[in-house]
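Notes to accompany the following structure.
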Amino acid sequence: MISQSNNYIKQVIHCIFALLCCVTASGVISVQTALYGRADTETCSDGRPPQQLANTKCSQPGTVDVLRKSCDGKKVCEINTKTIMTSDPCYGIYKYLETTYTCGPAIRSVTCEISSSILKCGKIVIFVYGADYGRRDSTTCSYGRHVYQVTNVHCRGPSKILHLLCIHSCNGKNSCLVSASNSVFGDPCYGTYKYLEVTYRCQCKSLFVFV
1 MISQSNNYIK
11 QVIHCIFALL
21 CCVTASGVIS
31 VQTALYGRAD
41 TETCSDGRPP
51 QQLANTKCSQ
61 PGTVDVLRKS
71 CDGKKVCEIN
81 TKTIMTSDPC
91 YGIYKYLETT
101 YTCGPAIRSV
111 TCEISSSILK
121 CGKIVIFVYG
131 ADYGRRDSTT
141 CSYGRHVYQV
151 TNVHCRGPSK
161 ILHLLCIHSC
171 NGKNSCLVSA
181 SNSVFGDPCY
191 GTYKYLEVTY
201 RCQCKSLFVF
211 V
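Everything in the sequence shown is counted per full-length UniProt numbering, starting at 1 for the first residue and increasing by one.
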């Protein structure tokens, strides 16, 4: 079940499978709350015996952090119990996932190879969603380059390492310097002219969560 209010806060209740999505062009997911367990006897109760619905104070610790790592910064995020279940908070109880999330604007920064950029958020702070160093199209950062330097559009560095590097350099700061360089990120495709793409948003420090 998915509902949406005028302020773009969405709620998803998931018995077996759920889909979080942001339909606006610039919107990305930001998970606000999450419960994996059971808070009432009615939700996801069809066909279930009373004993599987009895414990309404069942909640898995850390569910919101798991969802944030899986979904924050994405436009679409598929969820199932295998994705979010880290423990069984109440054995024998039929559980469900309930989460609320917002669709907020994301900022995309592109830095051509051997160049640097400054990510800025003024008086609020940076939260990096993702980073990619390589080449995914033939037009970005292509001016003055030979054809062979922009032909490989399947060039990508290790995303987990890139993400962590940008997180530890930028998250929680008002501004930070990022450099698109093989010496920083390695060379995922020799001979291809690469660029660094960082997706981030600006948010209040009180809402900041370090991943």
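Beta carbons are placed, not taken as given, at the ideal position from N, Cα and C, and that holds for glycine.
Report the three-state DSSP secondary structure of residue i (helix, strand or coil).
{"i": "aspartate 65", "result": "helix"}
{"i": "asparagine 80", "result": "strand"}
{"i": "proline 49", "result": "coil"}
{"i": "histidine 163", "result": "helix"}
{"i": "cysteine 71", "result": "helix"}
{"i": "cysteine 103", "result": "strand"}
{"i": "cysteine 90", "result": "coil"}
{"i": "tyrosine 23", "result": "Correcting the residue identity first, residue 23 is valine in this sequence and not tyrosine. DSSP places valine 23 in coil when its eight states are reduced to three."}
{"i": "isoleucine 29", "result": "strand"}
{"i": "leucine 207", "result": "The predicted model places leucine 207 with a pLDDT of 44, which falls under 50 and marks its position as unreliable; any figure quoted below should be read in that light. In the structure shown, leucine 207 sits in a helix (DSSP, three-state: H, G or I)."}
List the residues that DSSP assigns as beta-bridge partners of residue i.
{"i": "phenylalanine 17", "result": "Asn80"}
{"i": "tyrosine 36", "result": "Leu97"}
{"i": "arginine 58", "result": "As written in the sequence, residue 58 is cysteine, which differs from the arginine given in the question. Arg38, per the DSSP bridge assignment."}
Leaving out the 5 sequence neighbours to the left and right, which residues in its chain are closer than 7 Å to residue i when beta-carbon positions are compared?
{"i": "glycine 186", "result": "Gly157"}
{"i": "leucine 177", "result": "Ser116, Ile118"}
{"i": "histidine 154", "result": "none"}
{"i": "lysine 173", "result": "Val125, Ile126"}
{"i": "aspartate 72", "result": "Ile29, Ser30, Val31, Tyr129"}
{"i": "lysine 74", "result": "Val28, Ile29"}
{"i": "leucine 162", "result": "Ala131, Asp132, Tyr133, Phe185"}
Quick one: what's got a C-beta closer than 8 Å to residue i's C-beta in the same chain, skipping five residues either side?
{"i": "isoleucine 16", "result": "Asn80, Thr81"}
{"i": "residue 240", "result": "In this structure the chain extends from 1 to 211, so residue 240 is not present and cannot be described."}
{"i": "serine 159", "result": "Gly130, Ala131, Asp132"}
If I'm right that residue i touches residue j with Cβ under 8 Å, what's the distance once you round it to whole angstroms?
{"i": "glycine 104", "j": "serine 30", "result": "5 Å"}
{"i": "leucine 196", "j": "alanine 180", "result": "4 Å"}
{"i": "threonine 86", "j": "glycine 62", "result": "6 Å"}
{"i": "valine 12", "j": "threonine 33", "result": "11 Å between Cβ atoms; not a contact."}
{"i": "leucine 35", "j": "glutamate 98", "result": "5 Å"}
Short of 6 Å in beta carbon distance, which residues of its chain neighbour residue i, apart from the five on each side in sequence? Order them along the chain.
{"i": "tyrosine 94", "result": "Arg48, Gln52"}
{"i": "cysteine 44", "result": "Cys15, Tyr96"}
{"i": "glycine 189", "result": "Residue 189 is actually cysteine in this sequence, not glycine. The residues are Asn152, Cys155."}
Checklist entry - Quick one: complete beta strand (DSSP E) runs, 3+ long, within the UniProt domain "SUEL-type lectin" (111-203)? => result For the UniProt domain "SUEL-type lectin" (111-203), the continuous beta strand (DSSP E) assignments of 3+ residues that do not extend past its boundaries occur at 115-120, 125-135, 175-180, 195-203, in sequence order.
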